[in-house]
Each structure stands twice: as structure tokens, then as C-alpha cells.
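As they're listed, the protein sequences go chains A and B.
Take the first sequence: its letters are residues 29 to 510, numbered as in my numbering.
Take the second sequence: its letters are residues 14 to 120, numbered as in my numbering.
Idealized CB from N, CA, C, for every residue including glycine.
In this text the structure is predicted, and so the values were computed from the model without any measurement.
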Amino acid sequence: LPELEIKREGPYRWRILRQGRMRVEGLIIADERLMADIRGDEAVKQVANVAELPGIVGRSIGMPDIHWGYGFAIGGVAAFDPEEGGVISPGGVGYDINCGVRLLRSRLHVDDVRPRLRSLMDSLFETVPAGVGKGYRKFVLDQAEVRKILEQGAAWAVDQGMGFPSDLDHIEARGALEGADPDQVSDRALKRGRDQVGTVGSGNHFIEVGFVDQVYDDGAAARLGLDEGTVTVFIHSGSRGLGYQVCDDYLEVMEEAGRRYGIELPDPQLACAPLESPEGKRYLGAMRAAANYAFANRQVMAHRVREVFAGEFGEDAVALKMGLVYDVAHNIAKFERHEVDGRERMVCVHRKGATRAFPPGHPELGPEYRDLGQPVFIPGDMGRYSFVLLGTEGAYRDTFGSTCHGAGRVMSRRKAKKSVGRRDLRAEFREKGIEIRASSFATVAEEVPEAYKDVANVVDVVDRAGIGRKVARLRPLGVLKG
Amino acid sequence: MMELILGESRPAEVEVRNVAVEGGEPRSLLRNLLREVLWLHEAEGFATAVARVRVESGPEGFTAKAELRGGPGLSPPVRELKGVTLHGLEAREGEGGEWFARVIFDV
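The following block contains the structure:
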């Protein structure tokens, strides 16, 4: 591919003009500073590569936190129309199917928690398994039970007494995607899922106790229960080994199917099959099942977190008002109705490292948030801050109802680890008032704040570009890492 | 690959596992073999220390029969590998008969 032609369109929009085999244009949402970083890696080319896939409609889109990924860039959004031979691609969802974030609030004030923070974090570390490949020895399920999770998602956990029925009203798709088909999930994936429900995992996954330190929209923050000083808990994880296995299994299926359907790919990791093909339907069934596992995973962790808070503060979760603000995926593919080229169509939106951000009035939002818009969570690094936003009409119109999902790395894991050397990270964070608990400090070294862009810059662009609306900023008090 | 997962720790050679994989071309054969090694580690805790691989080619493609020697790995491992990606995957024979391979793992 010759050098891509990029044309600036306003302060936050960069069009990648069609050339070669691109079927649609590319669009990246960024300001000049972020775009300079984005141009520095392969992400722009990856947006253009996705634009070559059959049945893509609208534009191949990059969020302000976009960066190089495997095949699809991380921070990429693309929609495919089944009536135009549109495809589904496991690489467009990623290995960690339904990696996502949920946020709990409480009636606790930051001043209530600070004196007990060390003990609270110790209890969390003892109660919620975290770490590489770490399972839950006290909570091993048989395969029949795993299959129930794949069908029922978060409702499975609520039925087991882990959570409240009202939690389901505050989860994307009520915590269970329709059309999940456990029969399309391999025995290998089921086996990997037996002991990992309710576990954090490793990498950039975490549980973070924090507090609201700045409010940008008093009315919206009050509606979400996020007044200044309120203690919150973020849970960031996904479908663990089960989801990785589903992705791995279907990459092989799609590689073979793509050849049979004559799909030429600029990158083999974009392996895909038509949405209407048997292979496409099988993957959709398996992917939705894995997504449901992830919803259940976060539900079980939220239950454990509530138990720990109850033990620490001597009141149960109801008394502590530990309600679920929302739970939203950022690695997923879903059929949604969008207007494309002046016509409303049902398209399959791939979001890989991008968060759904539906506007006020969208019928998929529950009654509590229907007039407000969908809550969106943008975690930053563990030393600075994270943001709560709301979905907007702009996102629905311009980015298939999507916005960014995080800060984006500026350093590879290896480089970050090397830069840390022998620094005492636990002590450094403690000086900042942040308690870190981790099963491996190598993971913490890979995730140090300087390894990430300042998420405030990314969120400001999101807000000004109109693909999200800032509501509140949260600061970390304690972080549990794998 | 095992060095990425285990760091400098080397598993003892106390057990032998035999695996057989197929691939239409060398790069998919390599990927399929690595997927098996990763699966054995993730699901059964078997860490490969040494692999002896016999590759045969036929009209349908390639077959690899591997004898994997190893044992229990480091617990917890240093790093989680989510998968063996197809991105940038290469396995080719050079002019002098040497083999070149590039594999990118999702970490």
C-alpha cells in the first residue's frame, strides 16, 4: 500500500482517504498531539486494512486512544452489513472477549476509607484471586455449570445469591447476550472456564478502590450516585482463558473459511467469514457465550468486593449502598441498528478496545438511564485518575455509538519494566496515598503510570469531539493487580 | 515461547507428552504446534523444556509429530500469553537451507 493520504477535517477528525482495495474511508478522532502519536505506529495502516474487509459500511474508525494491535488496531470500530456480504472477525473482537469495566458506588466517603485502606486492600487481595492464569480453587465448576453461565451470563451469578436482581438493570444487555450458543464452545474452552469465574487475571486488569475527586456535571453525577468524595470500585476484567480459547479456536476456523469464500486479507489476523455463513454464525454463538462468561465473571467479583466491604465496615452492601452504576464491554461485536448513508440498517459493530456510548433516548438503555445516556468508564493508569462519561448523539451519529476505552500505552510492557528497574513501586505508590496489592510486581512494573498517555488528554478530545460527555473524575486509593 | 511464560526458570524434564499437528503450510504448522504447547501449559500445567519435532510433508500439507519433555512450570508464571496470533506470522526456508520464523503472541 502506498503512503496513506490523510486529510484533516476540523479540529478532531482525520479522514484516511480511500485508496487501493479500501472499500470505505477511514476516520480517526484525535487532536493534533494525539494524532502525532497515532501516526507513529501501525494503527493508521490497520484502520485502512480493516476498510478492505467485505461488507464494511460507513467508515473504518479509530478512537483517540487507538494504537497498534494484532490485525485490528486497539481502539478500532467497524460495522458490517450482512446484506452486503458483511463479515465477522474474531480478531476484530480480540482474545479477551467482552473485556470490560464495571463501576460500583457506595455511601462511604473517602475519609471513611483512608484509615482502613491497608486492611481493606489486604482483604480484597485475599478474597479475589488475581494473577497470571490464576484460578479459584474454592470455586471450581463442572462443565454443565459453565454451560449455564454461557447461556445466562450475570443472571447466573445473581441466581446463586451473588448480587441483586437490580444489578442486571445496570449492565449492558442486562448481562446476557441473546444468541449465545454453548454448543459452539470447545471442550478446551469449557475446561479453561471451570475455575476462573470471579477472577481478575493479569496484564492491565485490576480492581481499583477510588473516589470521586472532581465533578463536571453535578446533575448527571448525582443521578449516577457519584457526588464528590464518594468511594467507588472499578472492576476491569473479561472472559479469561475461556474467551482466549474461543478466539484461538475460531481464528483457525475463519482462516480456512476465508479462503473458501475467497476473502483476500491484508493481514491474516483479520481472518473472517460472512456473518450469514455457517462459520460466522458459529463464531457469533461462541463469542456471545464467552461474553456472557465475562459478565458473570465481573458479577461474581462485584459480589466478593461487596462482601469484603461489608466485613471491613460492619454493614452489608445494602446499608453501604454499594449499587452498580453500570457494566460495559469494550471488546465485542454486536448487531445494532444504525443510520448509514441515509438508511437505517442492522449492522454488526465490532468494538476492539472501544466502549459503547449510546445517547439519551436509546431503546437499549434501561429506564433509569434512558433520559441521561449510557454511562461510559475510561480507566486511566493506576497512579493518576479515571473518568466517567455519558454517551452522546455525536457518538451515535459519527462512531456507531462508540467512544474510547482507556489512555493507550506510550511504552511497551518490556520497556516499562526496564525503565522501572529496582524501584520500590509499592513504597512510591504509598507515598502518593495509593495502596497496591499484586500477585506479581513484574505486572505492576509493566503498568506504571508513565507507560500510559495521560488519559485526561484522551478524554478531553472525546468530550470536545462530541463522542462522550464528561461527568466525573475518579482518583485511585487502592489497586489490586494480577 | 516458554521463556516468555516462565522467565529464566526452566522446567525439569520429568514427563513426556506426544502431540501431533497438521498445517497446510509451514507457518500454520508452526502456529498449531505452539498452540498445543500453550494449551498444555494453560490447561494442564505442563511446561515444555525440550521439543523434538519430526516434520513430514504430503499432498495435503505438513504434519508435525513432537515429543515434548518437561514438567510442572513456575507457579505463578511470569507472563500470560493469550494466544499465538496470525499477525505477522512467518516460517520460511532461506536459500542456505536455514529456517526463519516470526511469531507474535498476544500478551
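Name the residue from the options whose alpha carbon lies nearest to the alpha carbon of residue i.
i: residue 510 of chain A; options: B:92, B:22, B:53; result: B:92
i: residue 461 of chain A; options: A:340, A:503, A:246, A:234; result: A:503
i: residue 29 of chain B; options: B:41, B:66, B:94, B:19; result: B:66
i: residue 216 of chain A; options: B:110, B:49, B:86, B:41; result: B:49
i: residue 157 of chain A; options: A:346, A:350, A:424, A:233; result: A:233
i: residue 80 of chain A; options: A:183, A:291, A:376; result: A:291
i: residue 168 of chain A; options: A:389, A:226, A:213; result: A:226
i: residue 455 of chain A; options: A:469, A:444, A:446, A:442; result: A:469
i: residue 332 of chain A; options: A:318, A:315, A:316, A:350; result: A:350
i: residue 132 of chain B; options: B:74, B:54, B:40, B:98; result: The first residue shown for chain B is 14 and the last is 120, placing residue 132 of chain B beyond what the model contains.
i: residue 373 of chain A; options: A:39, A:84, A:433; result: A:84
i: residue 97 of chain A; options: A:359, A:497, A:244, A:159; result: A:359
i: residue 257 of chain A; options: A:57, A:404, A:376, A:135; result: A:135
i: residue 369 of chain A; options: A:340, A:428, A:165; result: A:428
i: residue 100 of chain B; options: B:27, B:88, B:40, B:25; result: B:40
i: residue 414 of chain A; options: A:159, A:243, A:153; result: A:243
With 8 Å as the threshold, decide whether the Cβ of residue i is near any Cβ in chain B.
i: residue 300 of chain A; result: no
i: residue 275 of chain A; result: yes
i: residue 480 of chain A; result: no
i: residue 231 of chain A; result: yes
i: residue 159 of chain A; result: yes
i: residue 224 of chain A; result: no
i: residue 82 of chain A; result: no
i: residue 173 of chain A; result: no
i: residue 434 of chain A; result: no
i: residue 221 of chain A; result: no
i: residue 90 of chain A; result: no
i: residue 497 of chain A; result: no
i: residue 509 of chain A; result: no
i: residue 354 of chain A; result: no
i: residue 379 of chain A; result: no
i: residue 178 of chain A; result: no
i: residue 492 of chain A; result: no
i: residue 283 of chain A; result: yes
i: residue 155 of chain A; result: no
i: residue 216 of chain A; result: yes
i: residue 279 of chain A; result: yes
Quick one: measure Cβ to Cβ for residue i and residue j, integer angstroms, because I've assumed they're closer than 8 Å.
i: residue 320 of chain A; j: residue 180 of chain A; result: 7 Å
i: residue 394 of chain A; j: residue 145 of chain A; result: Between residue 145 of chain A and residue 394 of chain A the Cβ distance is about 33 Å, and since that is not below 8 Å, they are no contact.
i: residue 186 of chain A; j: residue 178 of chain A; result: At roughly 16 Å, the Cβ-Cβ gap does not stay under 8 Å, so residue 186 of chain A and residue 178 of chain A are not in contact.
i: residue 133 of chain A; j: residue 353 of chain A; result: 5 Å
Under 8 Å, Cβ to Cβ, is there at least one residue of chain A near residue i?
i: residue 21 of chain B; result: no
i: residue 96 of chain B; result: yes
i: residue 112 of chain B; result: no
i: residue 48 of chain B; result: yes
i: residue 56 of chain B; result: yes
i: residue 99 of chain B; result: yes
i: residue 68 of chain B; result: no
i: residue 17 of chain B; result: no
i: residue 43 of chain B; result: no
i: residue 120 of chain B; result: yes
i: residue 52 of chain B; result: yes
Within the present structure, is the beta-carbon of residue i separated from the nearest heavy atom of the ligand SAH by less than 7 Å?
i: residue 198 of chain A; result: Judged by which ligands are present, the structure shown has none, so any question about the ligand SAH falls away.
Please give the ranges of any beta strand (DSSP E) in the stretch 359–411 of chain A, keeping only runs that are unbroken, at least 3 residues long and fully inside the region. 359–368, 371–380, 403–406
Taking any Cβ of chain B, which residues in the stretch 123–138 of chain A have a Cβ under 9 Å from it, in chain order? 123, 124
Can you give, in chain order, each stretch of the alpha helix (DSSP H) that sits fully within the stretch 173–206 of chain A and has at least 4 residues? 182–187
For the stretch 456–485 of chain A, enumerate the residues whose C-beta is nearer than 8 Å to any C-beta of chain B, in chain order. 467, 468, 470
Interface residues of the stretch 286–316 of chain A facing chain B [CB-CB below 8 Å]: 295, 296, 297, 299
For the stretch 29–60 of chain A, which residues have a CB atom closer than 7 Å to at least one CB atom of chain B, in sequence order? none
For the stretch 29–99 of chain A, list the alpha helix (DSSP H) runs that are entirely contained and at least 4 residues long, ordered along the chain. 60–67, 71–78
Interface residues of the stretch 79–92 of chain B facing chain A [CB-CB below 7 Å]: 89, 90, 91, 92
Contact list for the stretch 263–274 of chain A against chain B, Cβ threshold 9 Å: 269, 271, 272, 273
Anything in the stretch 315–344 of chain A with a Cβ closer than 7 Å to a Cβ of chain B? List those residues in chain order, please. none
4 or more residues per run - each alpha helix (DSSP H) lying fully within the stretch 404–462 of chain A: 421–426, 441–448, 453–459
Using a Cβ-Cβ cut-off of less than 7 Å, list which residues of the stretch 97–110 of chain A approach chain B; keep chain order. 98, 99
Those runs of the alpha helix (DSSP H) which lie wholly inside the stretch 209–265 of chain A and span at least 4 residues: 215–220, 246–251
Whole beta strand (DSSP E) runs in the stretch 267–291 of chain A with 3 or more residues, listed along the chain? none
Using a Cβ cut-off of 9 Å, which residues of the stretch 410–441 of chain A contact any Cβ in chain B, in chain order? 441
Scan the stretch 66–91 of chain B and note each continuous beta strand (DSSP E) run of 3 residues or more that stays entirely inside, going in chain order. 74–85
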